[in-house]
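The opening position of the sequence shown corresponds to residue 3 in the working numbering, with each subsequent residue numbered one higher. Even glycine gets a Cβ: it sits at the ideal position worked out from N, Cα and C.
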Amino acid sequence: MAEDTVALLRGLVRQMQVVGLPVARMTLGQRTLHPEIVALGYVWNADDDEVEISELGHETHQTADYLVSPVRVILDGGDQVRCRLEGDDPDLEYAFLERLMEQGFTDYLALPVPLTDGKRNPISFAMRRKGGFTDTDVDDIREFLPIFGLLSEIHSSRRLASNLLDVYLGHGTGERVLEGAIRRGFARRIPAAVFFCDLRGFTAMSERLPRDYIIHVLNDYFGAVGDAIDAAGGEVLKFIGDAALAIFPVDEADGTRGACNRALGAAHAAISALETVNERRRSEDKPDLVSSFGLHVGDVFYGNIGATGRLDFTVIGPAVNRAARLEKLSAEMAEPILVTSAFAEAADGEFRSVGHHPLKGIEDEVEAFAPIP
């Protein structure tokens, strides 16, 4: 069986050519479940034998190209779109067909791929053979589309599961779940830089402002912080109200130093991104969003914790506690970023001590450090 949708499309093309269907172009649309991507588009061309993949945003269904397209006809329940591109009166109902005709295509055919849930995906074929598709060709294509739909749905389901786990659990955690790390209580000890941040003044803000406004505030905030973490190679494990917990695992390539540098870089990048957000908010006469960051490095327990029917893949341990408590201290001292001595010793750059402080739940006072710009 083909290992993915691209291999499946290549295999289909080869089989069509074997049975005398010299298709020179094929497209497939696959709907997906993703907060930013409504579908994936696959385009195969015989000229280079490559499959081009594009991600289509949710706004696609509002564009003129979609509203006047064979794809919309098929998704709206149409049985077929057939356009002959040769002769004295070619059928150029859709704008892109003129380009296909100029490239020597003689016929275009779009059909629905039936899926097991009753929905359908659009697929299209184009050829350069004189006379185009025969009626027998069209009947043969229709005959194999249900089987093709089943196979493509298998790959789509795998990708869908992976996408959803990436979105809701994070890429690394999602991969571990797909690999079978799902047993309750299963955890492993890993060294990591722990990153904890919180939005200052959020509780008071949420008490007095409308719900929809608060949602926009959190999206602005987590967008800036999450993108910074992701760009630095970290993984957001959870959003807790207005707080975020992330880890930067220590790897063999750059060790503890690299993990700490990436975590610190993410904190600085998040602050910079929030300043950009705040420039816009000021123009809208809205208050600034200010965050506090606590960073520590040490061993954490990474795995499944929770009830029998509801698990959470997260990290726990003293290292997590210290990062969280340090973030609270950061807010109290009005310091943007505070780190522990272990973190300051491992990371590049200079730090200044802001003194020893008691942290809730931690027996000894902890010396905190702030990065020197």
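Residue span of the alpha helix (DSSP H) that contains residue i, given as start and end
{"i": "leucine 11", "result": "7–20"}
{"i": "glutamate 57", "result": "No alpha helix (DSSP H) holds glutamate 57; the beta strand (DSSP E) holding it covers 52–59."}
{"i": "alanine 233", "result": "213–233"}
{"i": "isoleucine 273", "result": "257–285"}
{"i": "arginine 210", "result": "204–210"}
Residues that residue i bridges to, as DSSP identifies them
{"i": "cysteine 85", "result": "Tyr110"}
{"i": "asparagine 123", "result": "Val115"}
{"i": "lysine 240", "result": "Leu247"}
{"i": "glutamate 369", "result": "His358"}
{"i": "tyrosine 304", "result": "Arg190 and Val317"}
{"i": "arginine 312", "result": "Ala309"}
{"i": "alanine 41", "result": "Arg33 and Leu58"}
{"i": "valine 292", "result": "Answer by DSSP bridge pairing: none, since valine 292 is not bridged."}
{"i": "valine 299", "result": "Ala195"}
{"i": "phenylalanine 353", "result": "Pro373"}
Any C-beta of chain D under 9 angstroms from that of residue i
{"i": "aspartate 229", "result": "The displayed structure is made up of one protein chain only, and chain D is not part of it."}
Closest residue to residue i among the options (Cα-Cα distance)
{"i": "alanine 246", "options": "Gly296, Leu14, Thr342 and Thr258", "result": "Gly296"}
{"i": "glycine 151", "options": "Leu117, Gln19, Ala346 and Asp142", "result": "Leu117"}
{"i": "histidine 36", "options": "Glu57, Arg27 and Ser154", "result": "Glu57"}
{"i": "aspartate 49", "options": "Ile374, Asp301, Arg27 and Arg161", "result": "Arg27"}
{"i": "glutamine 1", "options": "His218, Arg131, Gly120 and Val83", "result": "Residue 1 lies beyond the residue range present for the chain, which begins at 3 and ends at 375; the question has no answer from this structure."}
{"i": "phenylalanine 146", "options": "Met18, Ser285 and Ile307", "result": "Met18"}
{"i": "asparagine 123", "options": "Asp78, Tyr110 and Lys240", "result": "Asp78"}
{"i": "threonine 342", "options": "Tyr215, Glu52, Ala372 and Gly43", "result": "Ala372"}
{"i": "alanine 234", "options": "Ala195, Leu211 and Glu155", "result": "Ala195"}
{"i": "glutamate 52", "options": "Gly80, Val8, Ile76 and Thr34", "result": "Val8"}
Sequence-distant residues of the same chain with beta carbon closer than 8 angstroms to residue i, five excluded per side
{"i": "alanine 255", "result": "none"}
{"i": "tyrosine 68", "result": "Thr62 and Arg74"}
{"i": "lysine 362", "result": "Arg327 and Lys330"}
{"i": "serine 406", "result": "Any property of residue 406 remains undetermined from this structure, which presents the chain solely from 3 to 375."}
Same chain only: Cβ atoms within 7 angstroms of residue i, ignoring 5 sequence neighbours per side
{"i": "aspartate 6", "result": "His157"}
{"i": "asparagine 263", "result": "Ala349 and Asp350"}
Cβ neighbours of residue i in the same chain (closer than 6 angstroms, five flanking residues each side left out)
{"i": "histidine 358", "result": "Glu367 and Glu369"}
{"i": "serine 126", "result": "Thr29 and Ala112"}
{"i": "phenylalanine 198", "result": "Leu247, Gly296, Ala325, Ala326 and Glu329"}
{"i": "histidine 60", "result": "Val40"}
{"i": "valine 45", "result": "Thr29 and Glu54"}
{"i": "alanine 4", "result": "Legend: pLDDT at alanine 4 = 48, less than 50; position of this residue unreliable, value from coordinates given subsequently. Same-chain partners within the cutoff: Leu10 and Gly13."}
Any non-hydrogen atom of the ligand ZN within 8 angstroms of residue i CB
{"i": "aspartate 222", "result": "The ligand ZN is absent from the structure shown, which contains no ligand whatsoever."}
Limits of the unbroken beta strand (DSSP E) element including residue i
{"i": "proline 72", "result": "Taken as a continuous stretch (DSSP letters only), proline 72 belongs to no beta strand (DSSP E), being part of the alpha helix (DSSP H) at 72–77."}
{"i": "leucine 340", "result": "339–342"}
> Is the region 278–290 touching the region 307–327 in the sense that three or more CB pairs, one from each, lie closer than 8 angstroms?
Replying inline: Cβ pair count under 8 angstroms is below three, so no.
>> Closer than 8 angstroms is the cut-off here; do at least three beta carbon pairs connect the region 307–317 with the region 269–276?
In response: The region 307–317, when compared against the region 269–276, does not touch it at the 8 angstroms Cβ threshold.
>> Closer than 8 angstroms is the cut-off here; do at least three beta carbon pairs connect the region 349–357 with the region 225–239?
In response: Because the criterion of three Cβ pairs below 8 angstroms is not met, the region 349–357 and the region 225–239 do not touch.
> Counting pairs of beta carbons, one from the region 131–148 and one from the region 13–29, are three or more of them closer than 8 angstroms?
Replying inline: Contact between the region 131–148 and the region 13–29 is present: three or more C-beta pairs spanning the two stretches fall below 8 angstroms.
> Within the chosen definition, does the region 275–288 reach the region 207–226 through at least 3 CB pairs nearer than 8 angstroms?
Replying inline: Between the region 275–288 and the region 207–226, the count of C-beta pairs closer than 8 angstroms reaches three or more; the two stretches touch.
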